[in-house]
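Colleague:
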Amino acid sequence: MIKSNSGIRKTDVINRRMFIIGAAKIVVFVGIVARLFSLQINENKKYLTLSDKNRIREWKLPPTRGNIVDYFGNVIAGNLKVYQLHIIPEQVENFNYLLVRLKNLLNLSDQKIIKINKLKEELKPWDSIIVSENLSWSQFVKINNYLYDLVGVKPVMTISRNYPFKDVYTHVLGYVSQPNEQEILNNQIIQERFVPGMKIGKLGLEKRLENYLIGTNAIQRYEVNAYGKRINQLEHQKGQQGSKIRLTVDTKIQKACGELLKDRAGSISVMDIYTGDIIAMYSSPSYDPNLFLFGISQDEWQLIRNNPLKPLINKTLSGLYSPGSTIKPIVALSALENKVIDTKFKVKCTGKMELYGQTFHCWKEKGHGWVSLKNAMKQSCDTYFYEVSRLLGVDRLNITAEKFGLGKKVLGDYFDNEKKGLFPNTKWKKNNLGKGWVLGETLITGIGQGYIQSTPLQLCMMTAQIANGGYAIKPKIIVDSNPISYEDAKQSMESGLLFDADSESLLDKKLFKNQKNIKIVQEAMFSSTNERFGTSYKSRIDDPKYQFAGKTGTAQVKRISKRERELDLELEQIPYKDRDHALYVAYGPYINPRYALSIIVEHGGSGSKAAAPIAKKLFKLIIDRHDLRNEQSNFERITI
Amino acid sequence: MFQHDRLNSEITLFQKIKNLDYILLISIILLSILSVFVMYSTDGGEILFHTKNHFVKLSVFFPLMIFVAFFNIKFWHNFSYIIYFIVILLLVYVSFFGIKSSGSQRWMDLYLFVLQPSELMKVAIIMCLAKYYHRLKIENVNSFTSITIVLSIIFIPIIFVIAQPDLGTSILIALSGLIILWLGGVKIKYFIYSFITFLISLPFIISFLKPYQKLRILTFLDPDRDPLGAGYQIIQSKIAIGSGGLDGKGFLKGTQSYLDFLPEKHTDFIFTLFSEEFGFIGSVALLILYSIIIFRIVRIGSISRSNFARLFCFGYAFAIFIYIVVNLSMVLGLLPIVGSPLPIMSYGGSSMLATMIGFGVVLSAKINHKQMIA
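So the protein sequences, as listed, match chains A and B.
Using this note's numbering, you'd call the opening residue of the first sequence number 8 and step up by one each time.
Using this note's numbering, you'd call the opening residue of the second sequence number 101 and step up by one each time.
1. What in chain B is Cβ-close to R24 (chain A), meaning under 8 Å?
2. Can you give me the start and stop residues for the beta strand (DSSP E) that F367 (chain A) sits inside?
3. Which value, in whole angstroms, describes the spacing of the CA atoms of N407 (chain B) and L281 (chain B)?
4. Output needed for K627 (chain A): all residues of its chain with C-beta closer than 6 Å, excluding positions within five of it in sequence on either side, in chain order.
5. Return the residues of the stretch 348–360 of chain B that lie within a Cβ-Cβ distance of less than 7 Å from chain A, sorted by chain order.
6. Unbroken alpha helix (DSSP H) runs of length 4 or more, entirely within the stretch 47–130 of chain A: which are they?
7. Are any of the Cβ atoms in chain B nearer than 8 Å to that of T255 (chain A)?
8. Report the residue from A:N101, A:E425, A:V107 and A:T357 whose alpha carbon sits nearest the alpha carbon of F120 (chain A).
9. Looking at C-beta atoms only, is the number of pairs between the stretch 270–278 of chain B and the stretch 417–426 of chain B that lie closer than 8 Å three or more?
10. Would you mind telling me which residues of chain B sit closer than 8 Å to E50 (chain A), beta carbon to beta carbon, in chain order?
11. Taking 8 Å as the limit between beta carbons, can you name the residues of its chain near F102 (chain B), skipping five residues before and five after?
12. Using a Cβ cut-off of 9 Å, pull out every chain A residue sitting near I173 (chain B), in sequence order please.
13. In chain order, what residues of the same chain have a beta carbon less than 6 Å from the beta carbon of T223 (chain A), not counting five sequence neighbours either side?
14. Given that a residue counts as buried once 16 or more other Cβ atoms are within 10 Å of its Cβ, and exposed if not, what is F201 (chain A)?
15. Using a Cβ-Cβ cutoff of less than 8 Å, which residues in the same chain neighbour I249 (chain B) once the five nearest sequence positions on both sides are dropped?
16. Are the CB atoms of E344 (chain A) and F533 (chain A) nearer to each other than 8 Å?
17. Flag S402 (chain B) as yes if its beta-carbon sits less than 8 Å from any beta-carbon of chain A, otherwise no.
18. Using a C-beta to C-beta distance shorter than 7 Å, which residues of chain A count as neighbours of I339 (chain B)?
19. May I ask you to list, following chain order, the residues of the stretch 227–242 of chain A that have a beta carbon less than 8 Å from some beta carbon of chain B?
20. Kindly list, in the order they appear in chain B, the residues whose Cβ is closer than 7 Å to that of F79 (chain A).
21. Thinking just about the alpha-carbon of each residue, which of A:R566, A:V76, A:L57 and A:I606 is nearest to the one in M288 (chain A)?
22. Identify each residue in the stretch 216–249 of chain B for which the Cβ-Cβ distance to at least one residue of chain A is less than 9 Å, and report them in chain order.
23. Please classify F167 (chain B) as buried or exposed, where buried requires at least 16 neighbouring CB atoms within 10 angstroms.
24. With DSSP run on the structure shown, which of helix, strand or coil describes V461 (chain B)?
25. Where do the N-terminal and C-terminal ends of the beta strand (DSSP E) with S274 (chain A) fall, by residue?
26. Does any residue of chain A have a CB that is nearer than 8 Å to the CB of F114 (chain B)?
27. Can you tell me the Cβ-Cβ gap for L590 (chain A) and G557 (chain A), rounded? I've got them flagged as a contact below 8 Å.
28. When you compare only the Cα positions, how much space is there between S180 (chain B) and G198 (chain B)?
29. Let me confirm a value: H243 (chain A) is counted as buried when at least 16 other C-beta atoms fall within 10 Å, else exposed. Which label applies?
30. Considering only residues of the same chain and omitting the five flanking positions on each side of R632 (chain A), which have a CB-CB separation below 7 Å?
31. Please report the straight-line C-alpha distance between G208 (chain A) and L435 (chain B), rounded to a whole angstrom.
32. Output yes if chain A places a C-beta closer than 8 Å to the C-beta of N178 (chain B); else output no.
33. Going by alpha carbons, who is nearest to R88 (chain B) out of B:F414, B:I388 and B:A385?
34. So for T452 (chain A), helix, strand or coil by DSSP?
35. What residue ranges within the stretch 324–390 of chain A form continuous alpha helix (DSSP H) runs of no fewer than 4 residues, ordered along the chain?
36. Got a sec, what are the start and stop residues for the alpha helix (DSSP H) Y181 (chain B) sits in?
Pasting the structure below:
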C-alpha cells in the first residue's frame with residue numbers, strides 16, 4: 008500500500024513536471040515558427056536575390072568592333088568569322104590520345120602541346136582550352152570530319168577583326184591585339200568590357216578611336232551549380248557593335264600610292280585643298296596588320312623589325328625630313344609679303360655664293376645666270392634663294408612658314424606618333440642650342456636644309472594652303488559631324504571667314520597680306536612643272552584637266568664633301584644610306600585646283616627624277632575620282 | 101489479486117493491433133512517405149542511391165517498430181538495463197575497432213549496414229533512467245547515492261561519444277538523460293545550480309573544445325566572417341530557406357539544393373531543402389506533423405499506468421522535440437552547427453533505427469497502457 012502510495016505521488020511529480028516541459032515546448036516551437044516567418048516571409052526578397060545571385064552567372068562575350076570605312080563606304084577595317092578549336096577537358100575521354108590526334112591533324116608544335124597541358128592543369132575541367140584561335144577553312148573541315156573520334160573537341164565560330172586591304176592602311180588604322188594589363192587599367196571602358204580573348208586598338212586610329220569602336224559585350228546568363236559549372240543557358244543578351252567610322256580616305260588612291268612606292272621607303276599624302284580631307288596617307292613600306300591579330304610569329308616579327316626600309320615607322324607623320332627645295336615657295340612668298348623682293352628682282356647665279364669666306368653652292372655647277380623669281384623657282388636656283396633669304400632673314404621666314412603649318416602638328420592629337428617637326432628662328436637656336444644665329448644658317452634654311460625638319464603631311468598641307476589661295480585649312484581624316492560641302496568650303500574660304508566647328512566661331516583664315524603674292528608663287532610653281540627647263544617638266548601633263556603645278560626638292564642627308572662634288576657620282580654609285588631624299592609637292596588641276604599632294608622617296612636621289620614622275624601617275628587618278636567623290640555626300644556621320 | 105492478474109494477462113494479437121495508436125502510426129507513415137519524396141529531391145529528381153537506401157531502411161525499420169511494439173512494455177522494462185549495457189559495450193567496441201571517417205570514429209560495420217551505436221544510446225539512456233526512476237522511491241530521489249548513480253549513467257556513454265568525437269550526439273544524449281532526472285523529481289534548485297555552474301565554467305569548457313568546434317561557435321556568432329569557408333553552410337542554408345518564401349519553389353525546383361549549394365543536404369540539412377521547396381506553409385505543416393507525434397507520445401505516457409512507461413514516453417517525446425529543435429535551430433542559424441539529424445527525415449540508418457525502436461516502445465506502452473509494473 009505504501010508502495011502504491013509512493014507510486015501515485017511519483018506519478019503526480021512526473022505529471023507536474025511534464026506540464027512545465029509541455030509549456031516550454033510550445034514556447035520553443037512558436038519561436039522556431041517565428042524564425043521561419045522572419046526568414047521566409049519578411050526577408051524572402053533578400054534571400055531570393057541571394058539565391059539568384061548564387062545560381063545565375065553572367066558571361067560577357069567580346070564586343071564586336073565597329074567597322075571603319077573609307078569615304079566611299081568600303082570597309083577597310085571590318086570583322087570576319089573565324090574558326091577556332093576549343094577542348095573541354097571534362098568531356099575528353101583520353102586526353103593524351105586526343106592531343107596526338109590533333110597534333111597530326113593540325114601540325115601542332117611540341118611547345119603548343121606543352122602549353123595545352125599546362126592550361127589543362129590551371130583551368131577548371133569545364134573551362135574550354137583554346138587550341139587554335141584561327142583555323143583555316145580546310146583545317147576546320149578536317150576537324151569536323153574527324154569529330155566522331157575527337158571527343159571533347161569543340162569547333163567554335165567567332166568574330167575577329169579583319170583588314171581586307173592588308174598593308175594598304177596599316178599606318179592609318181594601326182591594328183588590334185590583346186591588351187596588356189596597363190592598357191586595361193588605363194581605360195575605364197576597356198576595363199568594364201574586358202573579357203579574355205578581346206582585342207583592343209594598339210596603334211593608329213584603332214587606338215585613338217577605341218572608345219567609339221569598342222562596342223558593348225553580348226551577355227549570356229547561365230544557371231551554374233555551386234562549383235561554377237554551367238547547367239543551362241537562361242538568356243542571351245545581344246551586344247551592340249561599336250560605332251561605324253567613316254574616313255576621308257579613298258582606297259583606290261591609297262592603294263595606288265602603295266603600288267607607286269613599292270619596294271621603296273617613302274610617303275605620299277594627298278589632301279583636299281578646301282575641306283582639308285586627307286585623301287590618301289601612305290607610308291612605305293607597310294606591313295600586314297592581320298598578322299598581329301592572333302599573335303605574330305617571331306620570324307614574321309623579326310622580318311618586319313629588321314627590314315632596313317623601316318616599315319614600322321609611319322613616315323607620313325613621324326618621318327622628319329629636310330624639305331629641300333620644296334620650301335622655296337614659302338621663302339618666295341615670305342619675301343614677297345615682306346616686300347623684300349618683287350617679280351622683277353633678279354640675282355646672278357654663278358653656281359656658288361661666297362659669304363664670310365664660306366662657299367654656298369647652287370645645285371647647278373655652271374650657274375643659272377641672271378634669274379628672276381619665276382626662273383629661280385622653275386629651275387630651283389639655290390643662289391637666288393640664298394640671296395632672298397639673306398635679305399629676308401630667318402625670323403620673318405619663320406613667321407610665314409609657321410602660318411602655313413610647318414613646325415606644328417597637322418592632325419592634332421589623332422595620332423600619338425605624329426611629330427611636330429621644326430622650323431628654326433634665332434630665338435629657337437638661342438634657347439635650345441645656346442648659340443647665336445649665324446647668317447649662313449639663314450641661307451641654308453632658305454633652301455630647306457639645316458635645322459629645318461618637316462613631315463610629309465606638313466609639306467602637303469603647306470602646298471594645299473598655297474593652292475587654295477592662301478587660306479588656312481584644318482586637315483582631317485575622319486568625316487565628322489560638321490561636314491562641309493566642297494563648294495561651301497571653297498566659297499566660305501574665299502569670303503575670308505570660315506566657320507570653325509571646334510571653337511564655334513568665324514575665324515580669319517587668311518594667311519596672306521596680299522593675295523597677289525600667292526598668285527605669283529602659284530605661277531612660279533606652274534612654270535616649274537609646265538615650262539621648258541622646269542625641274543619637273545618631264546613629269547608634266549598637258550591636258551588642262553589634269554595639269555598640275557609643283558615643286559621638286561632634293562634633300563641632302565649628309566654634307567657633300569668637295570671631293571664628292573667633283574666626282575658627281577651617279578645615284579647607283581652612292582651607298583643607299585647616303586643618297587639624297589627625293590621630294591615633290593604639287594597641286595592640281597592648275598585651273599580650279601582641288602587637291603594637293605606631297606611625295607617623299609627616301610634616298611631616291613633627285614626630286615625631279617624619283618618623286619615628280621610619281622605625281623604624274625597619281626594626278627590623273629586623283630582628278631578622275633573627283634566627281635565620284637563629290638557625289639558621295641549623304642552618309643551617316645558620327646561625332647568624335 | 102485476481103483482478104490484478106487479469107490486467108497482467110497476455111492480450112491477443114488482434115487486441116494488440118486494435119490497441120495501436122493509429123494517429124501516431126499514421127503520422128509516422130506520413131512522415132516516412134514525405135521523407136522518401138524529399139530524399140528523391142536531394143537525388144536531383146531521380147531514384148538514386150539515397151532514395152533507394154532510405155526507402156529500404158524504412159521498409160525494414162518500420163516493421164521492426166511494430167515488432168518492438170508487440171512486446172509487452174514489461175519486457176522492455178525488464179531488459180532496459182541490459183540494453184543500456186549492450187549499447188555501452190558497442191560504444192567501447194567502436195572506440196577501439198570502429199570505422200574512421202572524416203576524422204571521427206563512430207561507426208561499426210554490420211555487413212548489411214553501418215551502425216552508429218551513439219544513436220542507439222539516445223534511446224537506451226531514456227529506457228535505463230526510466231527504469232531507475234520507476235524503481236526508485238520518491239524519498240530517495242534527491243539522495244546523494246541516487247544522484248551519483250544517475251549522473252554516472254549519463255556520463256559513462258557521453259565520455260565515449262565525446263571521445264569519438266561527436267559533440268552533437270553527446271549533447272543530445274545528455275539532454276535526453278537530464279529530462280528523466282527532471283521528470284523523476286530531482287530538485288529544481290539542483291538544475292538551477294548546475295546551470296549556473298555550467299555558465300560560469302563555459303569559457304573553461306570552450307578552451308577544451310577542438311579548434312573546429314571553436315570555429316563553429318565563432319561562425320555561428322558571425323557567419324559572414326568566412327562566407328566561403330566555415331560560414332558557407334549556414335549562409336547557404338539561410339539563403340535556401342529564406343528564398344523558399346510562403347509556398348516554396350516547388351517540389352524538385354529548389355535551386356539551392358539542385359545546384360549543389362547546400363552542404364549535407366541528405367542528412368543534417370534536409371530541412372533546408374524541404375523548406376526551400378515547400379516554403380513557410382510546408383515547414384509549418386511539417387512542424388505540426390512533428391507536434392502531433394510528440395503530443396501523441398505524451399498522451400500515451402499520461403494514460404500509462406506504470407511510471408516506467410510514463411517516464412519513457414515523456415522522456416522520449418522530449419528527446420524527439422529536442423532533436424527537432426536542435427536541428428532546426430542549427431539550419432535556421434539560431435544555434436552553432438552541431439551534427440544532429442532530423443528524426444526520420446534525415447538520411448542515416450542508425451538514427452532511423454533508434455527512432456523507430458523508440459516509437460516501438462511507445463506503441464508497446466500504448467498497447468499495454470493498463471499494464472502495471474512492480
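Even for Gly, the Cβ is constructed at its ideal location relative to N, Cα and C.
Modeller: On the basis of the data shown:
1. W282, L283 and G285
2. Q365 to H368
3. Rounded to whole angstroms, the separation of the alpha carbons of L281 (chain B) and N407 (chain B) is 13 Å.
4. Y553
5. T355, Q356, L359 and D360
6. 51–62, 102–113 and 117–129
7. no
8. With the sequence shown as reference, residue 120 (chain A) is identified as Ile, and Phe is not the correct amino acid for it. Among A:N101, A:E425, A:V107 and A:T357, the Cα nearest to that of I120 (chain A) is on A:V107.
9. yes
10. G342
11. Here F102 (chain B) scores only 43 on pLDDT, less than 50, and its place in the model is too uncertain to base an answer on.
12. What I173 (chain B) touches in chain A: nothing, since even the nearest Cβ is about 15 Å away.
13. P70, G246 and Q247
14. buried
15. Y232
16. no
17. yes
18. Y54, L57, S58 and N61
19. Within the stretch 227–242 of chain A, the qualifying residues are E230, V231, N232, A233, Y234 and I238.
20. In chain order: nothing, as chain B lies at least about 54 Å away.
21. A:I606
22. Going along the stretch 216–249 of chain B in chain order, one finds Y233, H234, L236, K237, I238, E239 and V241 with a Cβ nearer than 9 Å to chain A.
23. So F167 (chain B) counts as exposed.
24. helix
25. G273 to D279
26. no
27. About 10 Å separates the Cβ atoms of L590 (chain A) and G557 (chain A), ruling out a contact at the 8 Å cut-off.
28. 24 Å
29. exposed
30. Excluding residues within five positions, the ones whose Cβ falls inside 7 Å are D257, K259 and I260.
31. For G208 (chain A) and L435 (chain B), the distance between alpha carbons rounds to 57 Å.
32. Residue contact check for N178 (chain B) against chain A: no CB pair falls below 8 Å.
33. Any property of residue 88 (chain B) remains undetermined from this structure, which presents chain B solely from 101 to 474.
34. In the three-state reduction of the DSSP assignment, T452 (chain A) falls in the helix class.
35. 335–344 and 380–386
36. It spans I173 to F197 - the alpha helix (DSSP H) in which Y181 (chain B) sits, taken as one unbroken run.
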